[in-house]
Structures are given as C-alpha cells and as structure tokens.
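So the protein sequences, as listed, match chains X and D.
Heads up: the first sequence runs through residues 149 to 1030, numbered per the working numbering.
Heads up: the second sequence runs through residues 300 to 412, numbered per the working numbering.
Glycine residues also receive a C-beta, built at the ideal position from the N, C-alpha and C atoms.
Predicted model only: the values in this text are computed from it and were never measured.
Remarks on the structure that follows.
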Amino acid sequence: MRRLRAMFLRLMGAAGRGRDDFDEELASHLEMHIDDGLRAGLSAEEARRQALIRLGGVEQARQSYRERRLLPGIERLLRDLRYALRTLGRHPAVTAIAILSVGLGIGANATIFSMVSRFVLRPAPVGDPATLLSLHIAEKGEQCCNPFSLPIYHDLRDQGSSFTRMGAFYELIPSSLSGVGEPERVWGQGVTTNFFDTLELPMMMGRGFAENEDRAPVVVLSERLWQRRFQRDAGIVGETVHLSGQQFTVIGVAPGSFHSVDQVLDTEFWVPLGMTGELVPNLPPSDARDYHWLQVVARLKPGVTRAQAAAELNALAQRFALNHPATDRDNLFVFEQAGSLPPRMRSAVLLFLAMLGLVVLLLLAIAGMNVANLLFAQVAGRQRELAMHLALGASRGRLRGKLLLESVLLGVGGGVLGLVLSVWATGALSTFHLPAPVPLDVRISDDWRTLLYTFVLSVLAGMVLGLGPAWAASRPKMANALKGEDGLSGGRRRFSVRSVLVVAQIAMSVTLLLLTGLFLRSLESAARIDIGFRPQGLAMLSVDPRLNGYMPAQTSQFLAQLRERAAALPGVDAAVWTDVAMLSGGNRSEGLTVVGRAAKDNNPATAELYMVTPGYFSTMGTPLLAGQDFHGERAGGPKTAVVNKAFADRLFSGESPIGQYVNDGRWTYRIIGVSGNAKSRTLGEATRPILYRSLDQSLTEDPSLMGYTLVVHTRGNPATLFEPLRRQVYALDPAMAIYNQETMEEHIRSAYFLPHLAAILFGVFGAIGLVLATTGLYGVMSYAVARRTREIGIRMGARRGTVEQLFLRQGAVLTVIAIALGWPAAWMVSRLVRSFLYGVEPHDATTFAVIPVVLAVVALAACWIPARRAALVDPAKTLRAE
Amino acid sequence: MGDKNEVWQGTLALMVLRTLETMGPQHGYGLARRIEQTSGDKLQLNYGTVYPALLKLEQEGYIRSKWGASENNRKAKFYELTNAGRRHVRKAAQEWEQTTEIVARFLASAEEA
C-alpha cells in the first residue's frame, strides 16, 4: 500500500506534476548551516565552504533528490518508446500491414463484444441494478417461464419478507397518440404505482405515480417520446395527452435511457395498472389466479442474499400450492437479475454470441500469426542492428523489452483502428430491422466495457505476437549476425517457426471458410424457401381504429369503407384486410380439436390464427387447393374457416376436412376451404397448421390487439401507393394512426434477418481470414525465395521449371497439411451452428468439398508469384550479390 | 567504516522518524544536526542524503512537510510525523531491537566458541 502510494506520487512527479521546491529548501539549509558557522566564529567564506562540503555538493544533492522524486524507469521507457516509434516509422509497409491485420481482427472482436456487452453484461438502467430482480413462475416440468396473475402477485408482495418493494407491470400496450402532428401508434406499459420506486428510477421531470393513483388518468412519458412529439416542451408536466382517444395528464418524464426492465422491449409511456383496461380490451379478470399476464420486479432487502430470497420464494410456492391447489399446484418461483436476457431467448442468444465470439477469436489468431510472421521476417532483416546492440553491452532482456514494446505499439495501433472499424460496424448492424410485431430496442454501440476490452485485447495481442520474434531476436548467432549473414536460421531445419505459423493460419482459415460456406449456402437456401405467397406487387399498412375509441361496428364500417376506397385507386387490382401480415414473428395461436370425434384420439393441434376478408388468397397468391374462399360472411352468422394443407394433414390425416367442424375452446368453425401452406412466423420454421377465420365474424367478439393490416395488390410499383392510401385513411379519419407501412418485399427482407445477418458476418469474417492467410503464405514463400536466392543462382544449371516446381511443392505441402488439420476441426464445430442454418445440413457435402479446393487454388496462386520470381532469377546477379 | 560512521539508508529513515517523534516538527538541517548529536558525534552525515530520505518518507505518507520560520527567523521547510508515521516508528523500532538482539546473540556465541 505504502509502496503503491509512493509509486503513484513518483509517477505524478514524472508527469511533471507536484511542486518542486527543493532548490528553496537547499538554499534555506545552506543559510542555516552558514549561520551556525558564523556563530562558531568562522569567516563568511569558510562557513560557506564547510556547509557545501558537508552537503556533498549542490548538484549531487539535487541529482539524488530528483531521482527519488521521479521513477527512474519512466525516463528509460519514454526513450524506448521514441526508439520504437522511430523503428516502426522506418518500415512503413510492415507497420501498415501489421496494424491493418490486427485492426481487422480487433475490430471484429470489439464488434462482437459490444453485442455481448449490450445483451449480457449491461445492467438495467435503474438504481442499484444488482438488487433488482425479475420474478417468473416456472411450472414444474414445463419450460421456463410464465408471467404472474394479479392475485399471486398480491400474495407474494404481501407475504414475502425478502423484498423492500415488489412491483408488477403489463408488458405492452399498443396505443394511438394523437394531438399535434400526425397521429402515431406508440407502445407503453401498465404498471403498479410503486413501479418506479421499486426500480429506483429517478424522473427527469415531474414525478412517478403516487400510491392512490392506481385508477387515475395519469401518464409518465419517456424522454424519447417527449422529445419526438413535444419538442422537449418544458411545460409538459400537467398537460393533457390523448392516448387511444382518452385523456391522460402527464405527471412525469422518465429518462430516455430507460426502455424497459428487460432492456429489449422499447416502450415509451407508462400508465397505472388500474388504467390498463381502458387501453387494452379483454384484459384477464383481475381476480383470476390462473391468467398469467403480469411481469414482476422486486427489490431485494439490504442484507438478504439471493439464496435466502430463493428459499423464501420456495416456501411461499409450497404454501400457495396448499392453499390454492387448483391453480398453484405446479407453480415455482424463479428469478434473475432484472435486465438480464429474458429467459425464453437467453440460450439462443448466448449460443449465437458464443459462436460469433469463437469465430472472431479465430480471426484474431489468424491476423496475429500474420503479424508474428512479418515480425519474424523483420527481425531477420534487423539481425545486424540487434547483434550490434548486444555486442555493445545491451542485455538480452532489455533487447527483448524493446522489441516487445514495438509489437505492443503495433497491437495498440491495431486496437485503435479496430475501434474505428467497430464503431462503423455496430452502427451498420443497428440498422437491421428485426421481424417482430412489437417494438424492440436492439441497437448496439461501443460502450466503456468494449473500450476496456479492446484495449486489454490489443495490448495482449501485441505482447503475444511479439514474444516469439523478440525471443528469437535476442539470441542470434553472433558471429553470423555481425557479418550480416543469417543468424537466426538455426542450421537447416526443415520446418521453420514461420512455416508452422503459416500452417496454423491456413488451417484456421479453412475452418473459418467452411463455416462461412455453410452460412452462405444457408442464405442461398433460405432464398429458395417457399414462403407460400407472392410478395411482389403488394403494399401494406396497418391501422387500429379501436385505439381511437371505435366500437366494433364502427371499426367494421371503417375497414369496409377504406377497403372500397383503396380498391378504387388507379392501378390497384385487389385490396383485402388481415390482422397481421405473415412472417411477422408470430401472432395468435390456439389449440384446436375436431368436433364430434372421441376424446381419446382427438389431441388438440396448435394452429396459427389469422383473420382475413374475402379475396385474401388470390391477392396474396396463396392457392386454394379445395373448397372455396370466404364470401359475404356476417358478424352474427355461423363461423367459417379456411385451413391450410398442414392443418388438414394434421387433424384429418389426408381426408377432406371440408364441411367438418373444429373448435378452438371458445368457438366452433365450419371448414369451407383448404389453402396451400405458408410460412407463418419465421422463414426457418417447419410448416405450421394455420386456420384463417373470417375477419368480419371475429372482429366483434375477438378483436385483434395488433390492429388490422390492409394489403393491396398492383401491377405497378407498390411503393407509389402509400401516399394515395394515406390520403384515403386521413379522409376517413384524420386522427387515425398509420403504422407498419411497407411493401411486402421489404417486409420479407426483414424476415430474412437471421440468415442475412449470419451470412454477412461470416462472409466478412471469412473473406478477411482468407486474405490474411493468403498474404501470410505469400510472405513466407517470398521470404524463402529471398533467402535461397544464392542457392537458386548456383543451381541455375537446372532448368527454370525445376526451380518453380521446388517452391510450388513447398507451398503445396504447407497448404495440404493445413487443410488436413482445419477440415476435421470444421467438421466437428459445424454441429454447433446447426440451429442457425436454414435448409442446410451442418455437414453439407458441397461446402466441405468445394471450399478446400477453392482455398488450395488461392494458396497455390500465392505461392506461384514468388516461385515465378525465383525462376526468373538471373544467376549472374545473385552470385555477385555476395 | 572509518572512525566517523557513515549512515546507510534503512537506518537513516528510522533515525529521522525517531528524532521527529521525540523533538516534534523539525527542518532538514536541524534533523541532521540532531541525529549527529544523538549519536554522540559518532555519526557524520552527508547532508545531501538526508533530503532524498525525507522525500521518500513523505511519499510513503509517514511524514508531511510545510514551510515555516526557523528559530533564527529563516524560512525553512518543517517535517512532522503523521499518524501512520507514529505507528510505523513503533513497529520499526521493535523490529530493529529484535534484529540487533539476534545479531548480538550470534556475536556472543561466536565469542564463546
């Protein structure tokens, strides 16, 4: 501790900080000494002489004082640093290539790490995130996790003693915000009044909810909404805003960094839980124990450990199970730190990140070997200079230190470049649009964790890749080196360190390229996936009249009028309604059973539910295989449905379902038609059973929470339809919010998110790896040629072709060894990425056959250029070079 | 060592601290003279070495310094013990006594042998 403190002060001294009043002190010392001398009867001159003698010389005193004040090492370090920078500057090409290689490697790592930081490490932007927990219900024997019902939340809140506060919230409320400017659909949450106190989230302005406001029409806006819609109006608190046609008084503004507790959902307003029913139809009854619809957060009491809290929750779960056996028998309570990845997506995200992390480390290793190779070559060229240092008395350690400093500088230089690259890359990745019907915040950026990681990684990389060359350089064969001959090549070893490096490098590239190949094939096969409808010529936009206070009959009328107006637009040949467009990441699904079938062979089949209006199938280009389309269904009439082929196969095993009845637990539908299969949630899914219901029949009793989507078809460019369509919407109701406005082809593109992202990342990483490995091989071969120029010259009696073959053979041997190592590695690793591949086996024969050949060809080309140069050597010149 | 003993670094620090403990705040010159006196003039300090030693102690937090006026009204930099220094002096003195005791035993037994 003391030594640390002294070290710090000395560092400060070295940096020119801290006062230096030693000259004054010295003067005062001399004065006092002279005074004493005078008093003892000496002459002034003699007194002064004595004082100086006893001091041991003013300069010496100053010198030893200064040395103590500063760290003597610092000065030397600065000198070495200047020397290293000069050396790097003298070899600009090597320096540039080294920094570029390391930069690419580090940039890739920083980019992936920024994802890790964003999704795994970043704590929720709440007060003391470590003691805020997200609670879930895990049913015994089921996959985690379910939300809470209101009564269970109340019991837990009242009986649990491990927590100071416990809040609950309804995760997503769609709402239409009207007033100034065009109406907009915004998303919010319904929260218990203690929500913000539990989070310890201070408001930017105004206040959070008071205890008695559970049923008060008050709202907290997010800073982002406040800025976007109200231009940061300082007088917003106390103003009234219209959410879905209802008046709410703004009482506070929450900081913009807070999107939601889970850090993935992107919500922009909060209303009291008691008001949620005003904005969301068909909320579960608040006294029902078995409707799970609320998320719960709890603040751990100071001094209570997580283990103690878990034990208490277990005990409570048992108590509840006894008191409410019908509903709570299988319930367990689990929790994780609030703001961690939601349990349902954690493993997939972690696997994806782990895979990418592995790949970028591989890339950095390839880049590092490239640079190590360059440094070996450079050190070989500097033997004379280094040997001279040794001969003049520099210690080997000091020499190694100098060389290490150079490589660390290269590493740090690469780190800076990498950071620039990753700022660009994270920006580009943040523009990806996720195929989800709800608002998500998945932007990534370089935060302080990424900065720290990048810095440590680049220093480490610099040290690791400099170790080998520095070691080699510090033990040259002195006699040879001083004469300017090769002092590093120990005898005639068959495999030099550099060859080993290159083999490792190519082997890793083989692995990387094989994975890249798999993902490119996956993208290609994803593009060939039959989505079951024709995306060309379709334009879509969504509205939710319910959010504007429309009653079902009014909504129905509005939709009918808008459809007529849209169909009448020039160029439009069809216009239909559906609730949610296909491939939006998931909509409604229910378990369906066949009516009139014995219970034992009547297992319910989970089917996707969509609402459509007549003409939907022909507009979408989905074929009707049997029966007929909807036609003039009425709200009160018997319910009808069209099912897809997968549904028919699943529930009727090949028999015609037409005329049969199915039940979804609440309603019974008569099947009137069978359509072709279509992808419902994601591209990669196995075909799911789908049941299309009549929108006109369902709108009243079971309205869509996601609003309704108008789909229009044109022979021309669908994008030109948006302006006229918007005008028609506003002509009917100027306060109607329009959202999800896009062409079907744009929509499909975002559905390709995962294969696209994976292919882009791997494509980029693979290409970088290939370039690095190729230059590495090229470098080694060039070096080999240069070293053996004399030998070639002597052998020139032999024919040119022989020389060329000699080097080609050497390169080929290295490449073949590398492929033999990398290929099986990829074979094993590829199994891990199975879940991210679309329609491609992890051991895809094409990939595993083609990639090695491609790599071999590229590698041989890299060898051929130096080999050619060797063959063209002029014997006369090389012999004279001695 | 000659007839006037030279002082080596570790012990000088202890002497400085101990002197400050008994005398209270003192400037560098005064300290040096006092140490020589205490040694019964058996020690002769190179005054130039006193200041780096003081600086080291100050960097370690055992003493602190401020400018003041000497007994003859000269401007001088005065050093005084910090609390950490007081603790350290006690501990170091103990250790030193132990060391000398052990060494003394060795010397005694060597004489016996």
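Skipping 5 residues on each side, what residues in its chain have a beta carbon closer than 7 Å to that of Thr235 of chain X?
Counting from one through the first sequence, the residue named residue 235 of chain X turns up at place 87. Excluding residues within five positions, the ones whose Cβ falls inside 7 Å are Glu554.
Closest to Met892 of chain X by CA distance: which of X:Thr761, X:Leu349 and X:Ser690 is it?
The residue labelled residue 892 of chain X in the question sits at position 744 within the first sequence. Looking at the Cα atoms, X:Ser690 is the closest of the given residues.
Using beta carbons (cut-off 9 Å, strictly below), is Arg377 of chain X in contact with chain D?
Counting from 1 along the first sequence, the entry for residue 377 of chain X is found at position 229. Chain D contact via Cβ: absent.
Looking at C-alpha atoms only, which residue of X:Thr857, X:Ile654 and X:Ala486 is the closest neighbour of Ala714 of chain X?
In the first sequence, the residue the question calls residue 714 of chain X occupies position 566. Of the candidates X:Thr857, X:Ile654 and X:Ala486, the one whose C-alpha sits nearest the C-alpha of Ala714 of chain X is X:Thr857.
Beta-carbon gap between Leu316 of chain D and Val388 of chain D smaller than 9 Å
For the purposes of this step, residue 316 of chain D is identified with residue 17 of the second sequence, where counting begins at 1. For the purposes of this step, residue 388 of chain D is identified with residue 89 of the second sequence, where counting begins at 1. Cβ distance < 9 Å, so Leu316 of chain D and Val388 of chain D count as in contact.
With DSSP collapsed to three states, give me the class of Lys365 of chain D.
Walking along the second sequence from the start, residue 365 of chain D turns up at place 66. Three-state DSSP puts Lys365 of chain D in a strand.
How long is the line joining the alpha carbons of Gly336 of chain X and Gly237 of chain X, rounded to whole angstroms?
As a working note, residue 336 of chain X is residue 188 in the first sequence. As a working note, residue 237 of chain X is residue 89 in the first sequence. Distance between Gly336 of chain X and Gly237 of chain X, taken at the CA atoms: about 57 Å.
Looking at the unbroken beta strand (DSSP E) that takes in Thr741 of chain X, where does it start and where does it end?
What you label residue 741 of chain X is simply residue 593 of the first sequence in a count that begins at 1. Secondary structure note for Thr741 of chain X: its beta strand (DSSP E) is the uninterrupted segment Arg736 to Val742.
Among residues of its own chain, excluding the 5 on either side of Val607 of chain X, which ones have a beta-carbon nearer than 8 Å to its beta-carbon?
Stepping through the first sequence from its first residue, residue 607 of chain X is reached at position 459. Cβ neighbours of Val607 of chain X beyond the five flanking positions: Val556, Gly559, Val560 and Gly563.
With respect to the beta strand (DSSP E) encompassing Asn120 of chain X, which residues constitute its N-terminal and C-terminal limits?
In this structure chain X extends from 149 to 1030, so residue 120 of chain X is not present and cannot be described.
If contacts are defined as beta-carbon pairs under 8 Å, then Thr703 of chain X and Arg711 of chain X qualify, I think. What distance do you get, rounded to the angstrom?
Indexing the first sequence from 1 puts residue 703 of chain X at position 555. Indexing the first sequence from 1 puts residue 711 of chain X at position 563. Going by Cβ atoms, the distance from Thr703 of chain X to Arg711 of chain X rounds to 12 Å, so no, they are not a contact pair.
Leu356 of chain D versus Lys376 of chain D: straight-line alpha-carbon distance, rounded
Your numbering for residue 356 of chain D matches position 57 in the second sequence. Your numbering for residue 376 of chain D matches position 77 in the second sequence. Whole-angstrom Cα-Cα distance: 15 Å.
Just reading off the alpha helix (DSSP H) that Tyr900 of chain X is part of, what are its end residues?
Position 752 of the first sequence, counting from 1, holds the residue named residue 900 of chain X. First-last for Tyr900 of chain X: undefined, no H or E at that position.
Give, in chain order, every unbroken run of the alpha helix (DSSP H) that is at least 4 residues long and sits entirely within the stretch 151 to 217 of chain X.
170 to 187, 192 to 203 and 206 to 217
Pair every Cβ in the stretch 332 to 352 of chain X with every Cβ in the stretch 493 to 506 of chain X, then say whether three or more of these pairs are closer than 8 Å.
Cβ pair count under 8 Å is below three, so no.
Run of the alpha helix (DSSP H) containing Ser570 of chain X, from where it starts to where it stops
Mapped onto the first sequence, residue 570 of chain X falls at position 422. Run containing Ser570 of chain X: Arg544 to Ser578, per the alpha helix (DSSP H) assignment.
Quick one: using the 10 Å Cβ neighbour count with 16 as the cut-off for buried, is Gln208 of chain X buried or exposed?
Taking the first residue of the first sequence as 1, we reach residue 208 of chain X at position 60. That one is exposed.
Top-ranked residue by Cα proximity to Tyr361 of chain D, from D:Ile401, D:Arg332, D:Phe405 and D:Pro324:
By 1-based counting over the second sequence, the position of residue 361 of chain D is 62. Out of D:Ile401, D:Arg332, D:Phe405 and D:Pro324, D:Pro324 has the C-alpha closest to the C-alpha of Tyr361 of chain D.
Would you identify the three-state DSSP class for His581 of chain X, choosing helix, strand or coil?
Position 433 of the first sequence, counted from the start, is the residue given in the question as residue 581 of chain X. It is coil, neither helix nor strand.
In whole angstroms, what separates the C-alpha of Val650 of chain X from that of Ile592 of chain X?
Here residue 650 of chain X is taken as the residue at index 502 of the first sequence, counted from 1. Here residue 592 of chain X is taken as the residue at index 444 of the first sequence, counted from 1. Approximately 35 Å between the Cα atoms of the pair.
I'd like to know if Leu354 of chain D contacts chain X, where contact means its C-beta is closer than 9 Å to some C-beta of that chain.
Here residue 354 of chain D is taken as the residue at index 55 of the second sequence, counted from 1. For Leu354 of chain D, the answer is yes, since a Cβ of chain X falls inside 9 Å of its Cβ.
If you reduce the DSSP assignment to three classes, tell me which class His387 of chain D lands in.
Within the second sequence, numbered from 1, the residue matching residue 387 of chain D stands at position 88. His387 of chain D carries a helical assignment under DSSP once its states are collapsed to helix, strand and coil.
Return the first residue and the last residue of the alpha helix (DSSP H) that Gln653 of chain X is part of.
As a first step, residue 653 of chain X is located in the first sequence; it is residue number 505 there, counting from the start. For Gln653 of chain X, the enclosing alpha helix (DSSP H) stretches over residues Val645 to Ala675.
Return the residues of the stretch 193 to 221 of chain X that lie within a Cβ-Cβ distance of less than 7 Å from chain D, sorted by chain order.
Cβ proximity to chain D below 7 Å picks out Arg202, Leu203, Gly204, Gly205, Gln208, Ala209, Ser212, Tyr213, Arg216 and Arg217 from the stretch 193 to 221 of chain X.
Chain D partners of Leu157 of chain X, CB-CB under 8 Å?
Here residue 157 of chain X refers to the residue found at position 9 when the first sequence is read from its first residue. Near Leu157 of chain X (Cβ distances below 8 Å), the residues of chain D are Gln358.
How would you call Asp844 of chain X, buried or exposed, if buried means at least 16 neighbouring beta carbons within 10 angstroms?
Within the first sequence, the letter at position 696 stands for residue 844 of chain X. By the neighbour-count definition (other C-beta atoms within 10 Å, threshold 16), Asp844 of chain X is a buried residue.
Can you pull the chain D neighbours of Asp183 of chain X, defined as C-beta to C-beta under 8 Å?
Here residue 183 of chain X corresponds to residue number 35 of the first sequence, with the count starting at 1. Simply Asn371 and Arg373.
Residues of the stretch 375 to 390 of chain D with Cβ closer than 9 Å to any Cβ of chain X, in chain order
Within the stretch 375 to 390 of chain D, those residues whose Cβ lies closer than 9 Å to any Cβ of chain X are, in chain order, Ala375, Lys376, Ala383 and His387.
Which chain D residues sit within Cβ distance under 8 Å of Glu179 of chain X?
In the first sequence, counting from the first residue as 1, residue 179 of chain X sits at position 31. Within chain D, the residues near Glu179 of chain X are Arg373.
For the alpha helix (DSSP H) that Leu298 of chain X lies in, which residues bound it at each end?
Position 150 of the first sequence holds residue 298 of chain X. Annotation for Leu298 of chain X: the continuous alpha helix (DSSP H) segment containing it runs Leu298 to Gln307.
Along the chain, which unbroken stretches of the beta strand (DSSP E) at least 3 residues long are found entirely within the stretch 480 to 524 of chain X?
none
I want to verify the contact list: residues of chain X whose CB lies under 7 Å from the CB of Gly347 of chain D, in sequence order.
Working through the second sequence from its first residue, we reach residue 347 of chain D at position 48. Near Gly347 of chain D (Cβ distances below 7 Å), the residues of chain X are Leu203, Gly204, Gly205, Gln208, Ala209 and Ser212.
Examine chain X for any beta-carbon lying closer than 9 Å to the beta-carbon of Gly323 of chain D, and answer yes or no.
For the purposes of this step, residue 323 of chain D is identified with residue 24 of the second sequence, where counting begins at 1. Closer than 9 Å: no.
In chain order, what residues of the same chain have a beta carbon less than 7 Å from the beta carbon of Lys374 of chain D, not counting five sequence neighbours either side?
Here residue 374 of chain D is taken as the residue at index 75 of the second sequence, counted from 1. Result list for Lys374 of chain D: Trp366 and Ala368, in chain order.
Is the beta carbon of Ser326 of chain X less than 9 Å from the beta carbon of Asn888 of chain X?
Taking the first residue of the first sequence as position 1, residue 326 of chain X is located at position 178. Taking the first residue of the first sequence as position 1, residue 888 of chain X is located at position 740. Cβ atoms of Ser326 of chain X and Asn888 of chain X: not closer than 9 Å.
Is the distance from the Cβ of Thr826 of chain X to the Cβ of Phe795 of chain X below 9 Å?
Within the first sequence, numbered from 1, the residue matching residue 826 of chain X stands at position 678. Within the first sequence, numbered from 1, the residue matching residue 795 of chain X stands at position 647. Per the sequence shown, the amino acid found at residue 826 of chain X is Ala instead of Thr. No, they are not a contact pair.
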